[in-house]
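If you use the numbering used here, the sequence shown closes out at 557, no skipped numbers anywhere.
By construction, the Cβ of each residue, glycine as well, lies at the ideal position given by its N, Cα and C atoms.
The next block holds one structure in the form of structure tokens; read it before the comments.
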Amino acid sequence: MDQPDILCHAGYTKKGEPTIDIIKKNGDIETICLRDFEGTISFDTSKRYCIGWYDLEAGKNKVCEKHTAFDTFDYDQCRECQIKTGFNPAFYNTTEISPQQEKRNREPHFLYLAYFAPKVIKVGISYAGRGLARLYEQGARMAMVLETFDSANLARTYEAKISALDGFCEAVNTSKKMNLLKLDFSKEEAEKELKTALNKVKEELGVSFKQEELVCPNDIFLEQNVSLSEAINQCEDKLISGKFIGQIGTILIFSYKDSYLLLPIKKFTGYPIKISKEIAEIELPEIQASLF
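Right, dumping it as structure tokens:
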């Protein structure tokens, strides 16, 4: 196969382990757990390749048979692999639904509220068969699972009604997530705001939910007492180096010398990846000292 190792997926296992999947030169797919990783992850963005397709039934990534390379950097999946995957998270906005999607939609999905920062709460649904993996990928600091429904369509009915209320959104883009991650996080304030949001939903929609279980990815995937207010975005450098200390959503967090580095790794799917146990020499920007 005439292509280098490429990143095809970044996320979490069903058990909640942060991982990346790499299509190797020999065509195998290697899953690497990032906990305890120390070294350098870097990307070559001069060329982008198809990341293959995802087998919904088996829950596994598959290699693109044509090993497609793109002339544009806008895509990480060829049309053939898109069709094979047959999955559209915004299935409710299209009239064409694949057989794979129809089957998945008939399976249990749960409804959740996700807290990113003060006054930034997202409502969403996730396939229950993946556990909390999809919820972790959202990048919220705290979340509340409201209820598991028999189908995606039923869960979507509640999602649509909640998103129409003031104070709720259905999407938070990566750049905003990066900025919000630099805000100080208070577990107590996050829990308070989620419970206030839940009460608003109950009162305005006249509904109740069976679970209402709090989940705190911030506690699970980030070392304690870490402030990211001065964290450095490594997107332009296309690499991150040092010691892995956490992951919020698909944003990697490394400690490097006296600094914290951030890299939204999902942005680099389809690009050649190099992983080294060596620590790279990075020229960090000067941080202006406080006058007070």
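Any heavy atom of the ligand ZN closer than 7 Å to the beta-carbon of Ser506?
Absence of the ligand ZN is noted for the structure shown, with no ligands found whatsoever.
Tell me which same chain residues have a C-beta within less than 6 Å of the C-beta of Thr350, skipping the five on either side of it?
In the sequence shown, counting from the first residue as 1, residue 350 sits at position 85. Cβ neighbours of Thr350 beyond the five flanking positions: Trp318, Tyr319.
Is Cys346 helix, strand or coil when you go by DSSP?
Working through the sequence shown from its first residue, we reach residue 346 at position 81. Of the three classes helix, strand and coil, the one that applies to Cys346 here is helix, per DSSP.
Assign Lys539 to one of two classes, buried (16 or more other C-beta atoms within 10 Å of its C-beta) or exposed (fewer than that).
Translated into the one-based positions of the sequence shown, residue 539 becomes position 274. With fewer than 16 other Cβ atoms within 10 Å, it is exposed.
Which of helix, strand or coil does DSSP assign to Leu299?
By one-based count along the sequence shown, residue 299 stands at place 34. In the structure shown, Leu299 sits in coil (DSSP, three-state: anything other than H, G, I, E or B).
For Pro283: DSSP bridge partner residues:
As a first step, residue 283 must be located in the sequence shown, where it is residue number 18. Tyr277, per the DSSP bridge assignment.
Would you mind giving the Cβ-Cβ distance between Tyr377 and Gly389, rounded to the nearest angstrom? I have them listed as a contact below 8 Å.
Position 112 of the sequence shown, counted from the first residue, corresponds to residue 377. Position 124 of the sequence shown, counted from the first residue, corresponds to residue 389. Contact holds; Cβ gap of about 6 Å.
C-alpha distance - Ser520 paired with Leu272, whole-angstrom precision:
The count along the sequence shown starts at 1 and reaches residue 520 at position 255. The count along the sequence shown starts at 1 and reaches residue 272 at position 7. Using only the alpha carbons, I get a separation of about 22 Å.
Does the structure place the stretch 475 to 488 close enough to the stretch 505 to 521 that three or more beta carbon pairs sit under 8 Å?
yes
Among Met409, Glu345, Leu397, Phe308, which has the Cα closest to the Cα of Glu458?
Taking the first residue of the sequence shown as position 1, residue 458 is located at position 193. For Glu458, the nearest C-alpha among the options comes from Met409.
Taking the alpha carbon of Ser524 as the reference point, which residue from Ala417, Tyr314, Ser494 has its own alpha carbon closest?
Here residue 524 is taken as the residue at index 259 of the sequence shown, counted from 1. Measuring from the Cα of Ser524, the nearest candidate turns out to be Ser494.
How about Gln476 and Leu411: are their beta carbons less than 8 Å apart?
Here the question's residue 476 lines up with position 211 in the sequence shown. Here the question's residue 411 lines up with position 146 in the sequence shown. Against a cut-off of 8 Å, the Cβ pair of Leu411 and Gln476 comes out as a contact.
Where do the ends of the beta strand (DSSP E) carrying Lys522 lie?
Numbered from 1 along the sequence shown, position 257 holds the residue referred to as residue 522. Segment: none, Lys522 is in no beta strand (DSSP E) and carries neither H nor E.
If you draw a straight line from the alpha carbon of Asp293 to that of Val328, how long is it in whole angstroms?
For the purposes of this step, residue 293 is identified with residue 28 of the sequence shown, where counting begins at 1. For the purposes of this step, residue 328 is identified with residue 63 of the sequence shown, where counting begins at 1. The straight-line gap from Cα to Cα measures roughly 8 Å.
Taking three-plus beta-carbon pairs below 8 Å as touching, is the stretch 271 to 289 in contact with the stretch 528 to 539?
yes
By the DSSP assignment, the beta strand (DSSP E) with Asp320 in it spans what residues?
The residue you call residue 320 lines up with position 55 of the sequence shown. 318 to 320 is the span of the beta strand (DSSP E), which, as asked, contains Asp320.
Can you name, in chain order, every residue of its own chain whose Cβ lies under 8 Å from the Cβ of Lys290, other than the five neighbours on each side?
Against the sequence shown, residue 290 aligns to sequence position 25. Cβ within range, chain order: Met266, Gln268, Pro269, Asp270.
Ala420 lies in the alpha helix (DSSP H); which residues open and close that run?
Counting from 1 along the sequence shown, the entry for residue 420 is found at position 155. 417 to 428 is the span of the alpha helix (DSSP H), which, as asked, contains Ala420.
I'd like to check one pair, Leu504 with Glu516: are the Cβ atoms closer than 8 Å?
Residue mapping note: residue 516 aligns to position 251 of the sequence shown, counting from 1. Residue mapping note: residue 504 aligns to position 239 of the sequence shown, counting from 1. One detail in the question is off: residue 516 reads as Ile in this sequence, not Glu. Not in contact: Ile516 and Leu504 (Cβ atoms no closer than 8 Å).
If you reduce the DSSP assignment to three classes, tell me which class Gln268 lands in.
Counting from one through the sequence shown, the residue named residue 268 turns up at place 3. Of the three classes helix, strand and coil, the one that applies to Gln268 here is coil, per DSSP.
Beta carbon of Ala455 nearer than 8 Å to that of Arg399
Taking the first residue of the sequence shown as position 1, residue 455 is located at position 190. Taking the first residue of the sequence shown as position 1, residue 399 is located at position 134. Taking 8 Å as the Cβ cut-off, Ala455 and Arg399 do not qualify as a contacting pair.
For His374, which residues does DSSP report across the bridge?
In the sequence shown, residue 374 corresponds to position 109, counting from 1. Bridge partners of His374: Tyr392, Phe414.
Contact under 8 Å by Cβ, Ile544 with Ser506:
On the sequence shown, residue 544 is found 279 positions in, with the first residue counted as 1. On the sequence shown, residue 506 is found 241 positions in, with the first residue counted as 1. Yes, the pair counts as a contact, with Cβ atoms nearer than the cut-off.
For Tyr314, which option in Lys384, Glu330, Asn353, Lys368 has the closest C-alpha, if you only look at C-alpha atoms?
By 1-based counting over the sequence shown, the position of residue 314 is 49. Closest by alpha carbon: Glu330.
Comparing C-alpha positions only, which one of Leu397, Phe352, Thr413, Gln347 sits nearest to Phe375?
Working through the sequence shown from its first residue, we reach residue 375 at position 110. Answer by Cα proximity: Thr413.
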